[in-house]
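What follows is a set of notes on a single structure, which appears directly below.
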Amino acid sequence: MPAALILRSDTPRNTAEEATAIARLARQRGWNSLLLVTSATHLPRALATFERLTPLRIIPVACDYQLPARELYGRPTAASLLLSLLPDADALATSTTRLKEPLGLLNYRLRGWD
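Put into structure tokens, the structure is as follows:
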């Protein structure tokens, strides 16, 4: 797809504001459907928000799947067992994401954004 055909919105600060901005753009351009491309982890909240705040038919497209590292497969070695006991920044990031999305969805439900 040519870069000139890709539209971005730079002003929204969260998914609800993004949905509202996209709905406005869709009205201006006469769109009735939209590909919603976002992280697989964020997709449930984003989809619920866009379906609630826009009149558009939303087609969800998940990307950025978080999969375990290849070295976690196969037989454990002494080294892999030892390393698994040490703090891991990737594991912290994964835990943060896994906690953030359900809390974000709860927040959006309480605000009526999903």
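The C-terminal residue of the sequence shown carries number 1295 in the numbering used here, and the numbering is unbroken. Even glycine gets a Cβ: it sits at the ideal position worked out from N, Cα and C.
Contact set for residue i: own chain, Cβ-Cβ below 8 Å, skip 5 residues either direction
i            : result
residue 1292 : 1197
residue 1240 : 1214, 1215, 1216, 1217
residue 1206 : 1188, 1190, 1212
Residues of its chain near residue i, where Cβ-Cβ distance is below 6 Å and the 5 sequence neighbours each way are ignored
i            : result
residue 1219 : 1227
residue 1235 : 1200, 1204
residue 1242 : 1216, 1218
Assigned exposure category for residue i - 16 Cβ within 10 Å defines buried
i            : result
residue 1186 : exposed
residue 1287 : exposed
residue 1217 : buried
Candidates the options: closest to residue i by CA position
i            : options                : result
residue 1275 : 1245, 1287, 1258, 1289 : 1245
residue 1285 : 1211, 1230, 1242, 1272 : 1230
Close-in-space but distant-in-sequence residues of the same chain around residue i (CB under 7 Å, 5 per side omitted)
i            : result
residue 1213 : 1237, 1238
Cross-strand partners of residue i (DSSP beta bridge)
i            : result
residue 1215 : 1239
residue 1220 : 1244
>> Please give me, in chain order, every unbroken run of the alpha helix (DSSP H) with length at least 4 that falls completely inside the stretch 1247–1290.
In response: 1259–1265
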